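Below: the structure, in C-alpha cells.
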Amino acid sequence: MKRPRTHRLTKYIKVLGKQNSCNTYAACIACFERLESSELSRNTFTNKKPQVKNHLKNCPYFREKIGNQEELDDIINLTDNEIEEEICQKRKKVDNEFGKNDEKVLKYLKSLQYNFKIPKFKSIEETGSVKSFGSFASTTSSARNFNSKNTIKNNLIRTPTKSEIPKFERLLLRMSVANGFAFQWIDHPATLELFEFLNPHLILPNRKALSNRILTKETENLNTLRNDKLINDKVGVVLAFDGWKNILNQHIFGSLFISSSGEILIWEALDISSERERLIEVIPKITGLIQETKRLGIKLNAIVSDSAPAYAAARRRLRLEYAEIVFLPCFAHQCQLAIGDIFKESSILKTASSKAIKIASYFKNANNSYFIGKLRDIQNELYEKYYSIVIPGETRWNSHYFCFKSLIRFKQALRNLAIRYECPQIGSGDELYLNSELCQILLDNDWWEKIELLQDILLPYCGVLNKLQCDKASLYEVLHALGYFMQFWKQFPDTDLGSID
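If you read the sequence shown in the UniProt record's numbering, its first letter stands for residue 1, the second for the next number, and so on.
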C-alpha cells in the first residue's frame, strides 16, 4: 500500500513539478500569486510536511494572505496535534488488541495447567492397577520431555556444526569490512562478552586468523567468482581504470570491469607512489591488463580512461595496436573539464567563486571558532536549526555547486553576522570584529547575484554528472546529456557566456 501524497497542508501549496523519483517540489499559494516565475523558483521547497510547515511559518506573503498570526498558528499547529491524537488512538487500539490476546493466552495456559494438575486418568486408589499408574507416569514424563526440548534456550544456544563455521567466519569478515572495523575489534573484551552472551558455544577467531586465513580464503573465492562471470559474458566487457590519491597520500592505480548487464567487478588496486605518471609507465600497465584478459579468455570490447595527458597519449598509441578494442575517454571527466572552462571564460565568475571558497574555508577553520559559534547562534535565531558549509574539492566541480548552495541557504545569517561584527571606524581594542574583507564580501549584493548565477549554471551539470557517475550509465544517457548541454546554453540569457560551448 502506497503512502498518501497529500497532507493537511496540501491545500495551502501548489505542486509545481517532480523533484526526483520520490518527491515533488512546490510553492505556497501566496508566493504563487504574488511572485514571478524567476523569483518563484527560488522560493520552492520539497513537498514534505516539515518543509511546508517551515515555509508557511516564515513566509510574509502567506501571513498577509491569512490575515493575522493567530490563524496562522492554528493552521500550522493543528496538524501536529491531530497526528499526535491519531498516533495515540492507534496505540490504544493496538494495546487493546494485545490485551485481548494476552487474556486468551492466559486462559489457554490455565487450562493446560489444570489438565496437568487434575489428569483425566484414574488414580491408583480408584483402579488399584499398576498399569494405570504406569500410563499416567509415561504420559507426564513425555509431556515434560516435550516441553524441555522445545524451549527457546535449546533452539538459540547450541554448538554450531562444521558446515556452519565457515559461513559464520565469512559473515564476521563482511561485517568488519562493511563497517570499517579494524581487525583488532575481534579481540576486544567487549566483543568477547557480547558473543558470550549471545551463544557461549561460539568460538570467535582471533585477529590474526581473521586478517590472514579468513581474508585470504574469501578473497580467493571472490576472485574465482569474478573471473567466472567475466569469462561467461558472451557479449563482452568494458575495462575502466583511473588513478587517485588516498587518505595516506598514496597514488593508487585502480581498475575494474563492467559486464554487459552493467555489473561492476573490481579487478585490482596498485600502489604506484614510487612511479611517475608518464606515458612509458602507463602503457605497460594497460598492455598487461589486455594480455591478462586474453589469457583468461575474457572478451574485451572497450577501454575507458580519464583525459590526463599520459592516458590520452596511451589511448592514441594503443588504438593502432589493438584495432579490435574501442578506446574511449571518461565522459564524466569531460563534464568536469567543461565546468572548468566556464571559469576560464569569465573572470567575474572565477573571482566570485574564489571569494565563496574563501568564505567557506574561513567558517570551516577551527581557529575561527568564536565567529563560527556566533554564526550558529544567528542561525538558531533565524531558522531554529543549524546549517553546515561545504568546502569544494579541487577537481570535483559538482562540489562547488554544493558550496554555493550552502552559502545561499543561510545568506541572511551571514549578512547579519557581517553587520553585527563589522569593525567600526572608531572601536575599542577589547572587542573582536570580523575580518573587514570578509564583511565587504558578505555585504556585497553583486557578489551574491554572481553566486546565485553560478548555482543556476552548475545545477544541470551536477544532475548530469550524478547520472553519468552511477554504476549503470548507458551510452544513450551520454548522448542525452550532450543535447541537454547544447539546449541549456542556447537558451542562456548571457549570450557572451553561452557561446563558450
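We treat Cβ as the ideally placed atom computed from N, Cα and C, and that holds for glycine.
Bear in mind that the values here come from a model prediction, so they are computed numbers and not experimental data.
Residue i vs residue j beta-carbon contact at 8 Å
i           : j      : result
Leu239      : Ile283 : no
Phe402      : Val390 : yes
Ala314      : Leu454 : no
residue 506 : Ile264 : Given that the chain is displayed from residue 1 to residue 501, the structure contains no residue 506 and the question cannot be resolved.
Leu171      : Ile214 : no
Arg158      : His201 : yes
Phe241      : Ser176 : no
Leu56       : Tyr12  : yes
Three-state secondary structure (DSSP) of residue i
i      : result
Lys490 : helix
Ile264 : strand
Tyr433 : coil
Pro329 : strand
Tyr386 : coil
Asp444 : coil
Cys28  : strand
Ile124 : Because the pLDDT of Ile124 is 37, which lies under 50, any placement of that residue in the model is unreliable, and the question is left without a value.
Leu194 : helix
Phe45  : strand
Ala360 : helix
Lys167 : helix
Asn301 : strand
Lys162 : coil
Gly17  : strand
Glu36  : coil
Glu422 : strand
Gly67  : coil
His7   : coil
Gly180 : coil
Gly463 : helix
Glu324 : coil
Phe410 : coil
Straight-line Cα distance separating residue j from residue i
i      : j      : result
Leu330 : Ala312 : It should be pointed out that residue 330 corresponds to Cys in this sequence rather than to Leu. Taking the straight line from one Cα to the other gives about 11 Å.
Ser41  : Ala178 : 40 Å
Pro50  : Thr10  : 12 Å
Ala269 : Ala413 : 45 Å
Glu324 : Asn301 : 7 Å
Leu279 : Trp244 : 17 Å
Ile118 : Asn206 : Only weak support is given to the placement of Ile118: the predicted model assigns it a pLDDT of 43, under 50, and the question is left unresolved by the model.
Lys14  : Ser38  : 16 Å
Asn77  : Lys405 : 30 Å
Thr219 : Leu458 : 41 Å
Ile298 : Lys234 : 9 Å
Ser255 : Tyr383 : 46 Å
Asn380 : Glu422 : 20 Å
Phe183 : Asn246 : 20 Å
Lys450 : Asp456 : 10 Å
Asp444 : Ser307 : 38 Å
Gln19  : Pro424 : 45 Å
Trp29  : Phe62  : The amino acid at residue 29 is misidentified as Trp; the sequence shows Ile. Spanning the two alpha carbons is a distance of roughly 8 Å.
TODO: Give a yes or no on contact between the stretch 220-231 and the stretch 253-269, applying the rule of three or more CB pairs nearer than 8 Å.
DONE: Remark: three or more beta-carbon pairs, one from each stretch, lie closer than 8 Å, so the stretch 220-231 and the stretch 253-269 are flagged as touching.
Open item on the list: In chain order, what are the residue ranges of uninterrupted beta strand (DSSP E) at least 3 long that sit wholly in the stretch 208-291?
Closed with: The stretch 208-291 is shown to contain whole beta strand (DSSP E) runs of 3 or more residues at 237-245, 251-258 and 264-271, in chain order.
- [ ] Please determine if the stretch 341-352 and the stretch 368-384 are in contact, where contact requires at least 3 C-beta pairs separated by less than 8 Å.
- [x] Result no; under three Cβ-Cβ pairs closer than 8 Å.
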